[in-house]
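Each residue of the sequence shown is one higher than the one before, counting from 1 in full-length UniProt numbering. See below for the structure under consideration.
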Amino acid sequence: MEEVVVGAVVGASIRVQLQNLLSTPVEQLKIFWGFRKDLKKLQTSFLMIQDFLYDGEMQQGSNKAVNRWLKKLEAVAYDADNVLDELNYEVLGRKIKKSNRMKQKVQAFFSMSNPIAFRQKIAIKIRKINKKLELINKEAIGFGLQMRLVGTHASSDVGSNTIDGRETDSYTADPVVLGREDDVSRIVEMLITSPAQQVLSVLPIVGMGGLGKTTLARQVYNNEMIKAHFEERIWVYVSQNFDAVILFKKILESLTGETIQHGSSREVLLRKIKQNLEEKQHLKAKRYLLVLDDVWNEETEKWDDFKSSLLGISSVQGHGIIVTTRSDMVSSIVKTLPVHKLKTLSEENCWSIIKARAFTEGDIPPEFEKMGKNIAERCQGLPLAAKVVGGMLLDKSKDEWLSIEETWLSDFGGDGNTISKILKLSFDHLSPPSLKKCFACLSMFPKGSKSIYANDNISDEIYQARYMAAKSIGDESYAISKEAARYLRALCFMGKVSHNMLLDFKSLHILILMGEDVEELPVSIERLIHLRYFDTLGTRIEYLPDSIGKLHYLQTIRVDSQYFKKLPNTLKYLVGLRHLHIPSIELPLEIGRLTSLQTLPYFQVGQEKGRGIVELGSLKNLKGTL
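As structure tokens, then:
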């Protein structure tokens with residue numbers, strides 16, 4: 001799957017970069033006279049290359065030379081994007097200095113480049129890029145790539161674009177569920193007739209990816225007999241990180257419907273869960289059903305530790321737990337009730353799912369029947385495959401159905417990569433390119449990683465291709481050359497950050513620092529002028545340096561740390577900041593200058609100038625609760 005993802009990221013990232021480059025009005029940069037002609041030439045070259053891109057993407061899997069051509073093009077597109085970023089950064093810096101009436105402190109803080117030296121530096125960079133583009137255009141012609149008008153490649157929204165490993169919930173309803181009625185009845189019966197003397201009855205649902213384990217668990221969870229039998233129902237997505245404290249935090253959040261602050265101890269969480277269960281029943285504890293979805297932990301000790309804490313919460317008999325997993329080992333560790341092994345669907349059920357997705361009106365032309373049944377046969381009984389293919393076939397012509405029947409599904413199965421191929425098939429038909437790139441980069445995150453929510457156009461900035469997750473930059477298994485570091489756009493780093501480490505990652509758009517080993521943020525963060533998204537998760541960072549105020553492009557700051565105490569006074573210079581997720585601490589003065597701000601969870605009113613309620617008056621874009 002890794003090669004599939006890498007190739008997908010290249011194609012999708014180039015398309016998004018071209019959109020950005022071609023939509024940048026050169027007139028916005030008129031302050032930098034001397035290379036406007038070079039900028040125009042840059043856009044013209046990319047416009048021509050865009051016409052070759054579709055044919056190049058189609059050949060990248062079978063033609064190594066074309067694949068290298070695409071990677072070269074991607075590198076040049078990133079170089080061009082960085083140059084335009086540098087130009088706009090200079091423009092923003094000048095505007096901020098001007099709006100502050102050239103106060104001495106502000107002027108000292110924003111030491112802008114010498115205009116003449118800056119123009120010369122940028123002009124040299126643009127001319128180098130233009131020379132590279134000339135060669136890339138010649139290579140495209142040499143490879144015989146066909147020029148196609150942008151937009152001629154018809155793509156459709158896929159009915160179901162499920163990416164394996166996404167966080168699940170109990171609410172999402174699947175509009176088409178077939179062939180699982182007997183499974184639901186059997187599981188419901190086992191749960192409500194489980195031995196009365198058992199405090200916890202655990203029923204595992206086991207099966208390969210794509211069989212619909214989560215969908216089945218959701219149907220049981222929302223079954224009326226289950227609702228009547230269990231006074232409380234709790235849904236927790238687990239994945240590969242089986243951490244008892246995190247699980248108890250999620251259980252409490254499910255019970256209360258509230259977000260629990262990071263850093264609560266295990267004892268506090270367990271006490272609150274116990275209190276919550278008792279309060280709702282007037283101090284009479286009640287039965288609950290707990291769904292643990294997508295469990296991978298095969299360590300008996302971890303499960304026993306988690307289960308013993310659950311037993312300590314309530315001694316009432318008759319609680320139920322459903323565990324969904326791909327692992328037979330997991331099911332053998334947790335089971336107290338018989339394991340429910342999920343089987344594949346019949347070809348008839350797969351065809352019914354495809355029909356329901358592809359023909360929403362219900363009428364099925366006879367000429368599609370035979371092709372549809374052949375496609376259903378290749379789904380191998382996997383509802384995921386049927387959903388994906390059915391969504392793709394919606395509103396398609398007979399020829400397009402024939403193409404799928406003959407080619408796209410012909411190599412499914414036999415190599416253990418069926419699910420990867422299904423997801424790749426879905427991915428190839430995502431639209432627009434920015435969404436395609438987002439999903440491709442998400443697939444590179446470790447399974448079970450923390451979700452990052454994108455708002456408005458920030459989704460185009462998050463996951464600007466080129467992602468790296470590392471435990472230690474010094475670790476050989478995560479070694480990265482300086483050249484590769486120069487192009488890196490997103491870095492999720494777990495471990496101590498050295499003062500000079502960030503200097504190698506000058507193109508970063510996303511920086512995520514994780515773990516308690518991170519105690520301080522280096523001042524060198526000011527060199528990351530392209531940074532859009534900054535997140536600290538579970539670190540010991542107590543404050544952000546003043547230099548963060550120089551990051552004009554920064555749109556999101558997230559701080560999830562019980563140790564965090566202070567934001568810098570330079571925060572007011574982040575004119576593009578949209579989302580500020582921080583603990584309940586005192587904000588710096590003049591927060592009202594952040595006119596782009598949309599998310600501000602906390603504001604403490606004070607008597608000092610710059611802390612009054614009037615500061616909120618200029619924040620016209622604020623949304624949600626405060």
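Each residue gets a CB set at the ideal place from its N, CA and C atoms; glycine is no exception.
Below 8 Å on the Cβ atoms is my guess for residue i versus residue j; work out the distance and round it to an integer in Å.
{"i": "residue 561", "j": "residue 539", "result": "5 Å"}
{"i": "residue 530", "j": "residue 513", "result": "Not a contact, Cβ separation roughly 17 Å."}
{"i": "residue 582", "j": "residue 559", "result": "5 Å"}
{"i": "residue 503", "j": "residue 527", "result": "6 Å"}
{"i": "residue 129", "j": "residue 83", "result": "7 Å"}
{"i": "residue 404", "j": "residue 375", "result": "6 Å"}
{"i": "residue 324", "j": "residue 295", "result": "7 Å"}
{"i": "residue 298", "j": "residue 333", "result": "7 Å"}
{"i": "residue 619", "j": "residue 594", "result": "7 Å"}
Using only CA atoms, which one of the options lies nearest to residue i?
{"i": "residue 642", "options": "401, 211, 76, 65", "result": "In the structure as shown, the chain begins at 1 and stops at 626. Residue 642 is therefore absent and cannot be evaluated."}
{"i": "residue 394", "options": "544, 40, 380, 361", "result": "361"}
{"i": "residue 321", "options": "234, 240, 242", "result": "234"}
{"i": "residue 317", "options": "495, 195, 49, 78", "result": "195"}
{"i": "residue 576", "options": "139, 551, 615, 586", "result": "551"}
{"i": "residue 179", "options": "402, 135, 351, 209", "result": "351"}
{"i": "residue 607", "options": "597, 595, 589", "result": "589"}
{"i": "residue 388", "options": "271, 353, 134", "result": "353"}
{"i": "residue 302", "options": "266, 243, 359", "result": "243"}
{"i": "residue 142", "options": "65, 78, 579, 88", "result": "65"}
{"i": "residue 533", "options": "521, 580, 383", "result": "580"}
{"i": "residue 313", "options": "78, 114, 200, 518", "result": "200"}
{"i": "residue 367", "options": "505, 383, 402, 182", "result": "402"}
{"i": "residue 406", "options": "384, 377, 121", "result": "377"}
{"i": "residue 305", "options": "286, 266, 287", "result": "266"}
{"i": "residue 117", "options": "131, 97, 486, 87", "result": "87"}
{"i": "residue 602", "options": "309, 586, 596", "result": "586"}
{"i": "residue 214", "options": "230, 189, 190, 183", "result": "183"}
Return the first residue and the last residue of the beta strand (DSSP E) that residue i is part of.
{"i": "residue 239", "result": "232-239"}
{"i": "residue 533", "result": "533-537"}
{"i": "residue 288", "result": "288-295"}
{"i": "residue 493", "result": "490-494"}
{"i": "residue 402", "result": "Run containing residue 402: none in the beta strand (DSSP E); it sits in the alpha helix (DSSP H), 398-403."}
Under the rule that 16 or more other beta-carbon atoms within 10 Å means buried, what is residue i, buried or exposed?
{"i": "residue 609", "result": "exposed"}
{"i": "residue 617", "result": "exposed"}
{"i": "residue 499", "result": "exposed"}
{"i": "residue 466", "result": "Bear in mind that the predicted position of residue 466 carries a pLDDT of just 47, short of 50, making it too unreliable to give a figure here."}
{"i": "residue 613", "result": "exposed"}
{"i": "residue 453", "result": "Because the pLDDT at residue 453 is just 40, under 50, the model does not fix this residue reliably, and the point stays unresolved."}
{"i": "residue 259", "result": "exposed"}
{"i": "residue 197", "result": "exposed"}
{"i": "residue 219", "result": "buried"}
{"i": "residue 348", "result": "exposed"}
{"i": "residue 355", "result": "buried"}
{"i": "residue 124", "result": "exposed"}
{"i": "residue 494", "result": "buried"}
{"i": "residue 621", "result": "exposed"}
{"i": "residue 605", "result": "exposed"}
{"i": "residue 149", "result": "Its pLDDT being 40, under 50, residue 149 is placed unreliably in this model, and the value from its coordinates should be taken loosely. Residue 149 should be labelled exposed."}
{"i": "residue 74", "result": "buried"}
{"i": "residue 535", "result": "buried"}
{"i": "residue 44", "result": "exposed"}
{"i": "residue 390", "result": "buried"}
{"i": "residue 228", "result": "exposed"}
{"i": "residue 623", "result": "exposed"}
{"i": "residue 611", "result": "buried"}
{"i": "residue 484", "result": "exposed"}
{"i": "residue 78", "result": "buried"}
{"i": "residue 135", "result": "exposed"}
What first and last residue would you give for the alpha helix (DSSP H) that runs through residue i?
{"i": "residue 184", "result": "181-192"}
{"i": "residue 304", "result": "300-313"}
{"i": "residue 208", "result": "No alpha helix (DSSP H) holds residue 208; DSSP gives it neither H nor E."}
{"i": "residue 328", "result": "328-334"}
{"i": "residue 371", "result": "366-378"}
{"i": "residue 229", "result": "224-229"}
{"i": "residue 323", "result": "It is not in any alpha helix (DSSP H) - residue 323 instead sits in the beta strand (DSSP E) that spans 319-325."}
{"i": "residue 127", "result": "115-142"}
Would you check whether the ligand ATP has a heavy atom nearer than 8 Å to the C-beta of residue i?
{"i": "residue 504", "result": "The model depicted lacks the ligand ATP and carries no ligand whatsoever."}
key: Cβ pair count under 8 Å reaching 3, the stretch 334-349 against the stretch 203-215   = yes
task = Specify whether the stretch 561-578 and the stretch 542-551 touch according to this definition: at least 3 beta carbon pairs, one from each stretch, less than 8 Å apart.
result = yes
ask   = Three or more C-beta pairs closer than 8 Å, one from the stretch 355-372 and one from the stretch 381-398: is that the case here?
value = yes
The stretch 228-244 in contact with the stretch 287-294 per 3-pair CB rule at 8 Å = yes
ask   = Do the stretch 264-279 and the stretch 326-336 make contact, defined as three or more Cβ pairs closer than 8 Å?
value = no
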